[in-house]
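Engineer: Below: one structure in structure tokens.
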Amino acid sequence: MPSTLRRIAAAAAVLSVGAFAAGCGGGASGADSRQDLNLQPIAAAGPDPFTQSTADSTATPTPAAPAPRSPAPGVQSTRIVSGAAPGLYGGTQSVASCDVEKQIRFLGGDRAKNRAFADAAGIDPGSVASFLRGLTPVVLRGDTRVTNHGFRNGSATSFQSVLQAGTAVLVDDHGAPRVRCACGNPLKPPNAHQGEWNDKGKPWPGYHADRVIVVRPTTVVINNLIIVNITNNTWIERKTGDDGRRDRERPDIQIDPDKPPVTLPPSPPASPSTSPPISSPPPSPDCPTPTPTVTVTETPSPAAPGSAPPVSPPGAATPSGCPTATTTVTATPSPSPSASTPSPGPSTPSPVEPSTPESSPSGDMPSLPTDMPTDLPNGDSGIVPPSPESENV
14 MPSTLRRIAA AAAVLSVGAF AAGCGGGASG ADSRQDLNLQ PIAAAGPDPF
64 TQSTADSTAT PTPAAPAPRS PAPGVQSTRI VSGAAPGLYG GTQSVASCDV
114 EKQIRFLGGD RAKNRAFADA AGIDPGSVAS FLRGLTPVVL RGDTRVTNHG
164 FRNGSATSFQ SVLQAGTAVL VDDHGAPRVR CACGNPLKPP NAHQGEWNDK
214 GKPWPGYHAD RVIVVRPTTV VINNLIIVNI TNNTWIERKT GDDGRRDRER
264 PDIQIDPDKP PVTLPPSPPA SPSTSPPISS PPPSPDCPTP TPTVTVTETP
314 SPAAPGSAPP VSPPGAATPS GCPTATTTVT ATPSPSPSAS TPSPGPSTPS
364 PVEPSTPESS PSGDMPSLPT DMPTDLPNGD SGIVPPSPES ENV
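Per the numbering used here, the sequence shown starts with residue 14, numbered consecutively.
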């Protein structure tokens with residue numbers, strides 16, 4: 014009998030130790046749990062790097078990027094910035110902060126890494142090279158939280174990181190960081206976490222947890238990024254997917270580059286019956302990359318009585334939630350001297366011309382209010398405020 018009791022007690026002890034170990038090693042669970050957050054300086058490779066560094070050290074000095082004001086005591090908030098906000102990123106005119114072709118060679122020489130990179134990035138392994146060539150090399154101007162990925166035992170790992178301001182990254186056409194050049198790691202938007210963070214690594218001078226930003230990808234395609242020239246604090250327009258060779262100076266932009274990027278306003282409190290919003294999901298990896306199309310609308314010529322209304326040409330179906338990129342151009346033909354405009358009948362819908370934004374007579378960009386979030390439209394380097402929606406991360 015005593016031996017039976019001893020066996021039962023030993024089994025209970027093993028179960029309790031196993032449960033404790035699972036609780037410690039299983040990561041954070043629940044809103045109040047602590048989660049590891051890797052602090053990664055500019056040039057540090059970090060845990061399990063995918064490749065050697067492809068960052069251009071001459072193009073990535075630490076920019077003097079001021080941080081937003083700290084929140085009131087006792088208030089915890091995540092500073093969300095639109096991926097199209099002017100000044101979110103920096104760079105050196107006509108100089109790429111990363112060597113994309115070297116990154117392609119590193120991954121192309123290792124089939125396992127190429128497959129793991131594609132899996133973490135949410136793309137097909139055969140499209141890694143074209144994916145990388147479609148990204149834009151820039152540097153971060155603020156300490157930025159991301160979901161980072163390492164390579165271990167033939168597959169990708171995942172962990173939360175804060176990348177120091179000045180880190181060279183490749184961003185996509187929604188303004189989101191996708192690759193960290195110091196290690197070749199694929200990046201994604203950070204996980205939502207309502208609890209405290211357990212910082213891993215030595216903080217750098219100027220690091221403050223309440224000043225870390227999170228980039229919210231835009232829902233529309235960005236054709237140009239407005240970045241700060243970190244060598245002289247002027248403005249540059251850089252085309253997405255370009256290495257800087259087509260950079261254009263923008264002296265017409267009247268925004269103080271010393272000011273931090275405008276953060277998006279907080280979302281209203283959620284009702285008790287609903288869960289609080291976490292973050293706006295990035296475009297699905299299954300979405301095709303939108304190609305900007307041009308839709309031409311004309312004032313129709315007089316139609317013969319009884320003729321059918323014009324039918325728009327069919328287009329490829331786009332999955333729900335995927336971004337689109339369309340430019341509308343209105344062309345009005347000269348009226349025919351022998352034709353008269355018939356009155357639209359009850360069965361013939363009148364064509365409606367979509368309105369197009371007016372451009373400044375002088376061609377200069379108007380100054381932006383400093384208290385509004387900014388976003389780039391799907392066009393040639395204009396800056397307009399995005400939709401007022403924002404969500405907490």
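Backbone N, C-alpha and C fix where the C-beta goes; we use that ideal spot for every residue, glycine too.
Do the region 223-242 and the region 144-164 make contact, defined as three or more Cβ pairs closer than 8 Å?
Structural biologist: Yes, the region 223-242 touches the region 144-164.
Engineer: Buried or exposed for Q65, please, with buried defined as at least 16 other CB atoms from any protein chain shown within 10 angstroms of its CB.
Structural biologist: Exposed.
Engineer: Identify, in the order they occur along the chain, each residue of the same chain with its Cβ nearer than 8 Å to the Cβ of S286, setting aside the five sequence neighbours on each side.
Structural biologist: Because the pLDDT at S286 is just 40, under 50, the model does not fix this residue reliably, and the value given afterwards should be weighed accordingly. The answer is none, since no qualifying residue turns up.
Engineer: Beta carbon of I240, beta carbon of R251: below 9 Å?
Structural biologist: In contact: I240 and R251 (Cβ atoms closer than 9 Å).
Engineer: Go ahead and label Q53 buried or exposed: buried means 16 or more other beta carbons lie within 10 angstroms of its beta carbon, across all protein chains shown.
Structural biologist: Counting Cβ neighbours within 10 Å, Q53 comes out buried, since at least 16 surround it.
Engineer: Is the separation between the beta-carbon of G197 and that of F119 shorter than 9 Å?
Structural biologist: Yes, they are a contact pair.
Engineer: Should N246 be labelled buried (16 or more other beta-carbon atoms within 10 Å of its own) or exposed?
Structural biologist: When all chains shown are included, N246 counts as exposed.
Engineer: Here's the rule: buried if 16 or more other CB atoms are within 10 angstroms of the residue's CB, otherwise exposed. What is R165?
Structural biologist: It counts as exposed.
Engineer: Can you tell me which of the three DSSP states T383 falls into?
Structural biologist: For T383, the predicted model reports a pLDDT of 42, less than 50, meaning its position is unreliable; a value from the coordinates is still stated below. Looking at T383 - three-state DSSP - the assignment turns out to be coil, as it is neither helix nor strand.
Engineer: Would the region 92-104 count as touching the region 262-275 if we require 3 or more Cβ pairs under 8 Å?
Structural biologist: As far as the Cβ criterion goes, the region 92-104 touches the region 262-275, which means the pair count is three or higher.
Engineer: Taking K115 as the reference, which of A68, N51, S95 has the closest Cα?
Structural biologist: Of the listed residues, the one whose Cα sits closest to K115 is A68.
Engineer: Leaving aside the five residues before and after P274 along the sequence, list all residues of the same chain whose C-beta is less than 6 Å from its C-beta, in chain order.
Structural biologist: For P274, where only same-chain residues beyond five positions count, the Cβ hits under 6 Å are V94, A98, G100, L101.
Engineer: Give me the DSSP bridge partner(s) of L50.
Structural biologist: Bridge partners of L50: D212.
Engineer: For G121, which three-state DSSP category applies?
Structural biologist: Here G121 sits in helix by DSSP.
Engineer: With a 10 Å radius around its C-beta and 16 neighbouring C-beta atoms as the bar for buried, classify S110 as buried or exposed.
Structural biologist: S110 is buried by the Cβ-count criterion.
Engineer: Can you tell me the Cα-Cα spacing of G147 and T253, whole angstroms?
Structural biologist: Approximately 7 Å between the Cα atoms of the pair.
Engineer: In angstroms, rounded to a whole number, what distance separates the CA positions of L200 and Q173?
Structural biologist: In a straight line, the C-alpha of L200 is about 10 Å away from that of Q173.
Engineer: Please list the segments of the beta strand (DSSP E) lying wholly inside the region 164-219, counting only runs of 3 or more residues, in order along the chain.
Structural biologist: Those beta strand (DSSP E) runs which fall completely within the region 164-219 and span 3+ residues are 168-176, 181-184, 190-193, 198-201, 210-213.
Engineer: Could you have a look at P150 and say whether DSSP puts it in helix, strand or coil?
Structural biologist: In the structure shown, P150 sits in a strand (DSSP, three-state: E or B).
Engineer: Excluding the five sequence neighbours on either side, which residues of its own chain have a C-beta within less than 6 Å of the C-beta of D186, listed in chain order?
Structural biologist: So the list reads V234, I235, T253, once near-sequence residues are dropped.
Engineer: Please return the same chain residues whose Cβ sits closer than 6 Å to the Cβ of D55, not counting the five positions on each side in sequence.
Structural biologist: The question names Asp, but residue 55 is Ile in the sequence shown. Closer than 6 Å at Cβ, skipping near neighbours: Q177, G179, T180.
Engineer: Taking only three categories from DSSP, how would you classify G96?
Structural biologist: In the structure shown, G96 sits in coil (DSSP, three-state: anything other than H, G, I, E or B).
Engineer: Going by C-alpha to C-alpha distance, which of D260, V108, G219, G135 sits closest to H162?
Structural biologist: It is G135 whose Cα lies nearest to the Cα of H162.
Engineer: So what's F63 in DSSP terms, helix, strand or just coil?
Structural biologist: F63: coil per DSSP, three-state reduction.
Engineer: Using CA atoms only, rank isn't needed, just tell me which of K215, Q207, D137 is closest to V175.
Structural biologist: Looking at the Cα atoms, K215 is the closest of the given residues.
Engineer: Do D271 and V113 count as a contact pair if the criterion is CB distance below 9 Å?
Structural biologist: Contact: no.
Engineer: Should A133 and A169 be called a contact, given that it needs their Cβ atoms to be closer than 9 Å?
Structural biologist: Yes. Within cutoff.
Engineer: Note the first and the last residue of the continuous beta strand (DSSP E) segment covering N242.
Structural biologist: Taken as a continuous stretch (DSSP letters only), the beta strand (DSSP E) holding N242 covers 237-242.
Engineer: Taking the straight line between their C-alpha atoms, what separation do you get for P190 and A205?
Structural biologist: Each residue's Cα considered, the two are about 17 Å apart.
Engineer: Alpha carbon to alpha carbon, how far is V151 from T244? Give it in angstroms, no decimals.
Structural biologist: About 13 Å.
Engineer: Among residues of its own chain, excluding the 5 on either side of R261, which ones have a beta-carbon nearer than 6 Å to its beta-carbon?
Structural biologist: Result list for R261: E250, in chain order.
Engineer: Determine, using beta carbons only, whether G167 and A125 come nearer to each other than 9 Å.
Structural biologist: In this structure, A125 lies closer than 9 Å to G167 by Cβ.
Engineer: Taking the beta strand (DSSP E) that V228 falls in, what are its first and last residues?
Structural biologist: Element bounds for V228: 226-229.
Engineer: In whole angstroms, what is the alpha-carbon distance linking N211 and W217?
Structural biologist: Approximately 16 Å, taken between the alpha carbons.
Engineer: Please say whether G121 and V141 have beta carbons closer to each other than 9 Å?
Structural biologist: Yes, they are a contact pair.
Engineer: Roughly how far, in whole angstroms, is the beta-carbon of G208 from the beta-carbon of R47, given that I think they are within contact range, below 8 Å?
Structural biologist: So it is a contact: roughly 6 Å between Cβ atoms.
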